[in-house]
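Below is one structure, written out as structure tokens, with a few remarks after it.
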């Protein structure tokens, strides 16, 4: 089919069924050409969509990758901060452990001192009680001695008075006397 006139001259020799078939064939060929053109357009659109999809997936992947890298960086910083805090806490725990050990040693030393002081207190308490008893006995003896001295003094005063009275009588009779005689009077 080079030209429409050529078709017409040939169409004259064809029967009506053949002409219908030929028209239908041309119609199908035109439709086929249109579909082929639509297919080419659809293929081109699909290729463009595929490129856009790949670009979109690439952008999404790149976004996700960037987000993951940011998250990783943030987590690394948080890990460093937490590691520092943990190290600080471990140092604090170590210091507190040392202080606790020191305080336990001081407590043990204090207990030893308390035990020694209690022992000394017991010894001093016994010594105090002994001293108190000795002082009480000494005071009792002193009181007894004081009473006896008072009695001796009274007796001596009485004897002295008696001796003076006797000696006055003897002096009146005999002015000479000696200590031996005087002591015999006292007895």
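Residue numbers (our numbering): 1 to 187. Idealized CB from N, CA, C, for every residue including glycine. Remember, it's a predicted structure, so these values are computed and weren't measured experimentally.
In this structure, does DSSP put residue i in helix, strand or coil?
i, result
"residue 15", "coil"
"residue 6", "Bear in mind that a pLDDT of 49 at residue 6, under 50, signals an unreliable position, so the model cannot answer this."
"residue 1", "Low confidence applies to residue 1: its pLDDT is 46, below 50, so where it sits in the model is not reliable enough to give any reading."
"residue 167", "helix"
"residue 20", "helix"
"residue 175", "With a pLDDT of 47 at residue 175, under the threshold of 50, the predicted position of this residue should be treated as unreliable, though the coordinate-derived value follows. Coil, per DSSP."
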